[in-house]
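To keep things clear, I will list the structure first and then write my remarks on it.
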Amino acid sequence: MSTQSIILVLDLTGVFAFALDGALTGVRTARVDLVGVTVLGVTTALGGGIIRDLLLGQTPATFQDWRYIVVALAGATLAFFLSSQLQHLATPIQLFDAAGLSLFAVIGATKAIEVGFGPLQAVLLGTITGVGGGTIRDVLLNRIPVVLSANSRLYAIPALLGAGVVVLFDTIGLGSIWFAVAGALLCYCVRVLSLYFRWNAPPPPGAPPA
Amino acid sequence: MSTQSIILVLDLTGVFAFALDGALTGVRTARVDLVGVTVLGVTTALGGGIIRDLLLGQTPATFQDWRYIVVALAGATLAFFLSSQLQHLATPIQLFDAAGLSLFAVIGATKAIEVGFGPLQAVLLGTITGVGGGTIRDVLLNRIPVVLSANSRLYAIPALLGAGVVVLFDTIGLGSIWFAVAGALLCYCVRVLSLYFRWNAPPPPGAPPA
Amino acid sequence: MSTQSIILVLDLTGVFAFALDGALTGVRTARVDLVGVTVLGVTTALGGGIIRDLLLGQTPATFQDWRYIVVALAGATLAFFLSSQLQHLATPIQLFDAAGLSLFAVIGATKAIEVGFGPLQAVLLGTITGVGGGTIRDVLLNRIPVVLSANSRLYAIPALLGAGVVVLFDTIGLGSIWFAVAGALLCYCVRVLSLYFRWNAPPPPGAPPA
Chain R
1 MSTQSIILVL DLTGVFAFAL DGALTGVRTA RVDLVGVTVL GVTTALGGGI IRDLLLGQTP
61 ATFQDWRYIV VALAGATLAF FLSSQLQHLA TPIQLFDAAG LSLFAVIGAT KAIEVGFGPL
121 QAVLLGTITG VGGGTIRDVL LNRIPVVLSA NSRLYAIPAL LGAGVVVLFD TIGLGSIWFA
181 VAGALLCYCV RVLSLYFRWN APPPPGAPPA
Chain C
1 MSTQSIILVL DLTGVFAFAL DGALTGVRTA RVDLVGVTVL GVTTALGGGI IRDLLLGQTP
61 ATFQDWRYIV VALAGATLAF FLSSQLQHLA TPIQLFDAAG LSLFAVIGAT KAIEVGFGPL
121 QAVLLGTITG VGGGTIRDVL LNRIPVVLSA NSRLYAIPAL LGAGVVVLFD TIGLGSIWFA
181 VAGALLCYCV RVLSLYFRWN APPPPGAPPA
Chain W
1 MSTQSIILVL DLTGVFAFAL DGALTGVRTA RVDLVGVTVL GVTTALGGGI IRDLLLGQTP
61 ATFQDWRYIV VALAGATLAF FLSSQLQHLA TPIQLFDAAG LSLFAVIGAT KAIEVGFGPL
121 QAVLLGTITG VGGGTIRDVL LNRIPVVLSA NSRLYAIPAL LGAGVVVLFD TIGLGSIWFA
181 VAGALLCYCV RVLSLYFRWN APPPPGAPPA
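Protein chains in written order, with UniProt numbering: chain R, 1 to 210; chain C, 1 to 210; chain W, 1 to 210.
Okay, here's the thing in structure tokens:
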């Protein structure tokens, strides 16, 4: 399997995870119908990648390859029918979200390096790609995005670490798609551990205790 | 009249309708002054087309042709002075919004086909163009966008149908600007009928009744 | 110092001012931790310029030059540690915001002229660049953007004036970076005076008094 094929598989897996995440979050937090669930799933799934490609100066992959739209629609539709089983379960939503975050962060960083962005810029672009879909989801649902909220545990940090692994190994001359996989696993584990152990970043000095 | 001229006229008509829609919605739902009304009208009017052109990889038409800005400003200014007559009337706002939705959906699909996007992608781009302006309007007004809300009747579906007509006839080799006009009329009628007859998409299985 | 160097210095100064503004606003209005403060500062600082460059059809300066990211991070980090001194003081936040607004408005207009946009389009792009960062900040904080709110005094108008000065002097053949500096000073003064003297734009005719 070529590197491009592996990136495509990882990217589509992220799209699917974010489609489930966005659609289930819609069912759980707002009064949405079939159309609303689908719109939210598709937007969450495709939003991060579209932002990534616009910032890279490329036609979004979503519009070049029909499989992105089909996978996003499949995830959103599946979530619609599963929602009565899953809607009270916050955990599956968080795991799907962590998967999308991880995969998109490392693919964003990988594509930024391919285009010739510097290391700092590649880490930023990977982080934006990772947190982008969930941020659009939360803005559309009219709530403060997970990436900002102090009650959401670590979210930008895992994405930064995942993108950072990709960029670090590329910078020292060991660029390989397998470091993207390793970065995604690191991001996923840090995100899930932060949820489980309730890790938070420090509050501003002088802020009242939570 | 050439096809390009017809597209321009339809596009500017959509801009004008969305400018009225955005500005009047601002007066109706928030405490906004002349500047706020104008900003909201112009943003609603130009937002969908700007998103469309960025996704197509083009310089937004708004910045290539001064008439877009002038038409948007004219619509917003007119709405400001008409608002005391119209602000309690939800119906004109909904009709302006339906007009903008319809025109932008078919123009988005038409431009996507011109650029060489596949059928599925062209339908998605048309739908995004149609619902984009109203979604920006609602995000700025800090409320859940019409495209997501189960109480807003059908909104993405008519845009999808309008864009779908354009793409269908192009795919079978009958591409013509008149199918864009037909698609816009279909979108407009379905949207208005859904408002009148209170059509909604089905809720998620197991969701509590409305 | 070349014109390009002056533009870079002004741009980075705007980034720094908006990073302080966004980060301090986060501390003041939401429950955010170190990560949330940083994300909000960086997003406010870099958002306007990224929108500007996307609309100009260019790779965002943020991703071409690492100094943008470093300056944004420095401003956000500084704000985090200063926040216990500054968080109850609305005035510094408003002055940083006015500085970012002014600098970004004139740089946006300058870059639009360089790319060959018409006068009206250059004024619009400058205004969008000026108000963009603060609008993203407010959308992420789930509140109605300053640019729309009637209680926020003049905000889009000063940006429009600043961008207008740049475009006016360029149109009459006197283009010079010093008119950008003059435009920024005009924008800054009008914004600050409108805060001090509580200037507002007129409400819609027939609207109830404030």
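In this text, a Cβ means the ideal position worked out from N, Cα and C, and glycines have one as well. Please read all numbers here as calculations on a predicted model, not as lab measurements.
Simplified DSSP state of residue i, which is helix, strand or coil
{"i": "VAL131/C", "result": "helix"}
{"i": "LEU34/R", "result": "helix"}
{"i": "GLN64/W", "result": "helix"}
{"i": "ILE172/R", "result": "coil"}
{"i": "SER2/R", "result": "coil"}
{"i": "PHE197/W", "result": "coil"}
{"i": "GLY26/C", "result": "helix"}
{"i": "GLN85/C", "result": "helix"}
{"i": "LEU59/R", "result": "Correcting the residue identity first, residue 59/R is Thr in this sequence and not Leu. Correct three-state label for THR59/R: coil."}
{"i": "ALA207/C", "result": "coil"}
Close beta carbons around residue i, own chain, < 7 Å, minus the five adjacent residues each side
{"i": "GLN121/W", "result": "ALA112"}
{"i": "ARG67/W", "result": "LEU12"}
{"i": "ASP170/W", "result": "ILE113"}
Same chain, Cβ closer than 8 Å to residue i, five either side skipped, listed in chain order
{"i": "LEU95/C", "result": "VAL192"}
{"i": "residue 226/C", "result": "Only positions 1 to 210 of chain C appear in this structure, which leaves residue 226/C out of reach."}
{"i": "LEU141/W", "result": "THR25, GLY26, THR29, ALA30 and LEU40"}
{"i": "residue 286/C", "result": "Nothing about residue 286/C can be reported from this structure: the residues present for chain C run from 1 to 210 only."}
{"i": "residue 214/C", "result": "Outside the displayed range of chain C (1 to 210) lies residue 214/C, so it cannot be described from this structure."}
{"i": "THR10/C", "result": "Sequence inspection shows Leu at residue 10/C; the Thr mentioned does not correspond to that position. Contacts found: LEU103, VAL106, ILE107, ALA180, VAL181 and ALA184."}
{"i": "ILE69/R", "result": "VAL42, LEU46 and THR62"}
{"i": "LEU55/R", "result": "LEU125 and ILE128"}
Own chain partners of residue i with C-beta closer than 6 Å, once the 5 adjacent residues on each side are dropped
{"i": "VAL147/W", "result": "VAL131, THR135, TYR155 and ALA156"}
{"i": "GLY183/W", "result": "VAL106, GLY162, VAL165 and VAL166"}
{"i": "ALA17/R", "result": "PHE96, ALA99 and GLY100"}
{"i": "GLY22/W", "result": "LEU40, GLY41, THR44 and ARG137"}
{"i": "SER84/R", "result": "none"}
{"i": "ILE51/C", "result": "GLY132"}
{"i": "ALA19/R", "result": "GLY41, ALA45, ALA72, GLY75 and ALA76"}
{"i": "VAL32/R", "result": "GLY26"}
{"i": "ILE6/R", "result": "ILE177"}
{"i": "GLY48/C", "result": "PHE104, THR129, GLY132 and GLY133"}
{"i": "TYR196/W", "result": "none"}
Per-residue burial, residue i [other beta carbons within 10 Å of its own, 16 or more giving buried]
{"i": "PRO205/R", "result": "exposed"}
{"i": "ARG198/W", "result": "exposed"}
{"i": "THR127/R", "result": "buried"}
{"i": "ALA72/R", "result": "buried"}
{"i": "GLY116/R", "result": "exposed"}
{"i": "ILE177/R", "result": "buried"}
{"i": "ALA90/W", "result": "exposed"}
{"i": "LEU103/R", "result": "buried"}
{"i": "ILE172/W", "result": "exposed"}
{"i": "PHE63/C", "result": "buried"}
{"i": "LEU174/R", "result": "exposed"}
{"i": "SER2/C", "result": "exposed"}
{"i": "SER194/C", "result": "buried"}
{"i": "ILE179/W", "result": "In the sequence as presented, Ile is not what sits at residue 179/W; that position holds Phe. By the neighbour-count rule (16 or more Cβ atoms within 10 Å), PHE179/W is buried."}
{"i": "PHE80/C", "result": "buried"}
{"i": "SER152/W", "result": "buried"}
{"i": "VAL37/C", "result": "buried"}
{"i": "VAL188/W", "result": "The residue you asked about is not Val; residue 188/W is Tyr in the sequence shown. Classification of TYR188/W: buried, given that the 10 Å Cβ count is 16 or more."}
Would you say the stretch 22-37 of chain R touches the stretch 26-43 of chain C, given that touching needs at least three Cβ pairs under 8 Å?
-> no
Quick one: which unbroken alpha helix (DSSP H) runs of 4-plus residues sit fully inside the stretch 91-161 of chain C? Chain order, please.
-> 119-140
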